[in-house]
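To start, the structure itself, in structure tokens.
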Amino acid sequence: MKHLFISLLFSTLYLHAQIPFSQDSALSYLKTISVKIGARPMGSPNEQKALEFAVEKFREFGLDDAYIMKMYYAENDFTNSLINTNSGVALGILRGKTNKIILIGGHIDSASPFVQGTNDNGSGSAVVIELARVLSKEKHNSTLVFCLFGGEESGLCGSNYFVKNFPQIDSVALMLQIDMANGSEILIPSIDSPKGNSPIWLVNAAYEEMAKLKYSTIFYPTHFFTAMSIMPGGGVSSDHEPFLRRGIPAIAFTSDLNDPIHTPQDDFKHFKPSGLKRSGDLIYSLVNRFDENIPEEKNSNYYLLQIGKRAIIFPLWILTAFISASLIIAIFTLFAVRKRRIEIDNRNRPKVPALKLFLVALIIQTFVWLSENIIGLIKGVRYPWVAYPDGYFVLAFFAALLGIALSLKLASHINLSRDPYRWFLRTFIFLIIFIGLLLLANVKIALYPAIAICLLSLAMLVRKPWLKFVLWILSPHFMFRLIFSEGFLFISRMTALHSTQQTWMYVIVHIFYILFFAVWSFPFLLGFAAIYFDSKVDLLWLKKWRTKTGLILIITAFVLCTIILFFIPSYSDEWRNNINIEQTIDLKDGKGEIKLKSSEYLKNVYVRLPEKDTLISTWDRELVLKEFIFTQEPWIKVERMKEVVKDSNTTFSMLVKIHFKYRPYKFNLYYSSGKNKLEEVSSEYISSLSEHSATMQWEAFPDTSLMIPIRFKVVGADSVKETIEANFIELAEPIKIEKELTNILPQTIMKQSEVIKAVD
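If you want this note's numbering, it's the position in the sequence shown, counting the first as 1, plus 54.
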């Protein structure tokens, strides 16, 4: 056995040694991109430096061509807003024997000026650059194009622009994307897009190459991507999507979603370099595999479920057939159970049984969703679970048991039906509604309630109580996996760290969660009532739960879990709270205020102002610290030259010169005509238009001087309102915030409005 292990180890090391990808080289590029250059939001000078660094490396490696494809405007793929920017795509072209192109891509921008973006996606960019070095030493049949896209975090801006404007786009036969290459536990293939999945041959190739490389960490989060498929834009996405929409075979690879991406902790300190080699080896292998021959199939529609290390692919017609078969089984079961109904006389049977049981569902879900708040109140934090969430699932389990025990006490005082048919009929109706509604989205997501109705139907058909229970306990699994999916913690943490809604909104959100999960779980509560009364035995010994002993045991477990969680920190070095310092100034009158905003309570935050130091003692999450008059030299100066043609309408032709003291992170110029129409808007800059307004947006960090020509017509009026708003990461008023395990994110928002008239 020992000799076998040694043999396998050396064979693995030998195989990896055959791939010339150097982790050390990639790490040196990553250090330059994420540490020396730093945060790189779309359009920023740092993003330009990173693009120039990539092109410099492409030229150093002897690629046939290397340049930056400039992008002066972009359309956010998520919001459909138009943005003026100074971004682009770094290209390196290594010509092969043919014009057929294999494109290797990653995005080089980071999420904000406060996020270094080492993992997302400095790491993917470093892998692309190192692959350019390695592959430039070899001869290839295909032409290889290395792309580093700007603006992915702003809505796939760079890749969308590339797909629309790259002259040889029709020659691109395959696109391979690296979006995060951290050395975390898993590597995720991202294969989804609203227009279809990556072709099956490409997915199979990825799994096969990972197996050959002896990497066993590839994992496809089926339930997460299925849930995200109903979101606007298809949910979680990357730069491979525009290629799939174009009909180009494409796939992306990303590391674990539970890494602290989109936070200031996405930095070099928290990065695990081993992922660079893993992603580099995989892409290198795929390039060589498809260099001579790329299959014709462009994209597919299917459902991928990974079992162990194998990816099982189901055509969508199989899902449709399964849903249809489940409905047939459910209808058959309904008629079979109806034959053994026991409450035939309408006058004597209990009224509104489903409504009574829904009250039980509400009680259980209230206990579950408020359990974390108990810890939060004791610890004085709003999100006590962010750093170490696992224990809170255990707490929720005990809270659910407590809710069930109290509900059983209540059930003994209300007249519940004992007829299995009445309960199964309502189960059937609810799940049929779920299937119908989810089919409106897509057949993949409708599969989940179809599995539930199939298992519950089988539970009613079998006669052994233990088998009934096993089938019932399996029935909610898939529907709850949609919600508590592989990406549940990622979504939850992003919501917790960036949510700044007021307390009343927080209460409404909790009420929504309780109602939603009560409805989501209700068919299974109905189903349990059906199998409980159909089995004619005390399944799960429920009668013992409502005894004094049962209640004491559950309460004891809940209290012990609460005590343990109290001593576990809510935040950590990797998962920190955020506090936003927001200084807003109206340049018209100079009035300003300093506000602190956080998703967490501000209690015990230490504030240093020039006039005094303060320790905040309130439980607010949004607090005005100070009002002031801005007396400095203006950070924004505006000059206008205008020509006006006035008849029944008024046409403005203006040259607006704007000077900033600092580069603004974001800048908006907004024209509004009130109730009148704004027509014939034209400018060399792009704008988002509505019937009564025109908005120009710039990001990020445009130059300190802008000259903006603009022409428009106001119908039936001789004036228009101009609003200028700029966001700076510098602070107008000095302030220092201190709190342990907390990121401090500063911004100053300056705004001024003025009515521009035909005649001053």
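Every residue, glycine too, gets a C-beta built ideally from N, C-alpha and C.
Residue i versus the options, residue with shortest Cα-Cα distance
i, options, result
"D335", "V199, I87, P74, I162", "P74"
"D640", "I670, V659, I690, D674", "I690"
"F612", "G430, Y719, V591, F452", "F452"
"L189", "F484, W574, H552, D345", "D345"
"S177", "A104, D627, G146, N427", "A104"
"E665", "N312, K790, S511", "K790"
"W752", "I284, M125, W423, I367", "M125"
"V692", "S354, K805, I483", "K805"
"V199", "I183, N214, G205", "I183"
"D701", "V768, K649, L669", "V768"
"R489", "F322, M548, P503", "Residue identity check: residue 489 is Ile in the sequence provided, not Arg. Taking only the C-alpha atoms, the option nearest I489 is P503."
"N312", "K363, D174, F571", "D174"
Rounded separation between residue i and residue j - CA only
i, j, result
"N703", "A771", "6 Å"
"A415", "T271", "39 Å"
"H277", "I683", "53 Å"
"A180", "L501", "40 Å"
"K154", "A550", "46 Å"
"T705", "V698", "6 Å"
"L58", "S328", "Any reading at L58 must be qualified, since the residue scores a pLDDT of 37, below 50, and its modelled position is unreliable; the value itself is stated next. When rounded, the distance between both Cα atoms is 25 Å."
"L67", "M264", "Confidence at L67 is low in this model, with a pLDDT of 44, below 50, so its placement is unreliable and the value that follows should be read with caution. Those two C-alpha atoms are separated by around 14 Å."
"A21", "L492", "Outside the shown range of the chain, which is 55 to 814, sits residue 21, and nothing can be said about it."
"E397", "F578", "21 Å"
"F389", "I383", "10 Å"
"L84", "I305", "22 Å"
"S354", "L785", "51 Å"
"V800", "Y725", "For the sequence presented, residue 800 should be read as Pro rather than Val. P800 and Y725: Cα-Cα distance of roughly 28 Å."
"T601", "R517", "29 Å"
"A441", "P623", "7 Å"
"A108", "Y269", "28 Å"
"E794", "V735", "50 Å"
"F542", "M548", "10 Å"
"T481", "L580", "6 Å"
"N722", "T749", "7 Å"
N- and C-terminal bounds of the alpha helix (DSSP H) containing residue i
i, result
"P99", "99-114"
"Q319", "Neither: Q319 is in no alpha helix (DSSP H) and is coded neither H nor E."
"D335", "328-344"
"E262", "254-266"
"Q77", "77-85"
"A180", "178-189"
"V497", "497-515"
"Q419", "407-433"
"L373", "370-392"
"I622", "Element bounds for I622: n/a, residue is neither H nor E."
"L490", "Checking the sequence shown, residue 490 turns out to be Gly, not Leu. That run of the alpha helix (DSSP H) goes 474-493."
Cutoff 8 Å; reference residue i; Cβ partners in own chain excluding five residues on either side
i, result
"E745", "K731, L732"
"T685", "G644"
"L669", "N658, V659, Y660, V661"
"I609", "L456"
Same chain only: Cβ atoms within 6 Å of residue i, ignoring 5 sequence neighbours per side
i, result
"A165", "E207, H316"
"E676", "K651"
"S707", "E697, R765"
"A281", "L536, S539"
"S461", "V414, I417"
"V813", "none"
"F523", "L593"
"F587", "R472, P474"
"I585", "A513, K522, W526"
Segment limits, beta strand (DSSP E) that includes residue i
i, result
"S737", "732-737"
"D640", "631-640"
"T749", "747-753"
"G646", "645-652"
"E129", "119-129"
"K775", "773-782"
Cβ shell of residue i (< 7 Å), same chain only, five flanking positions each side left out
i, result
"V391", "P474, Y475, F478, M514"
"Y356", "N251, I254, I367, F368, P369, L370"
"P243", "V257, A260, I272, Y274, I305, F307"
"P314", "D320, H324, E628, W629"
"L743", "V735"
"V169", "A93, H316, T317, P318, D320"
Per DSSP, cross-strand counterpart(s) of residue i
i, result
"I690", "F714"
"K696", "M708"
"M761", "K711"
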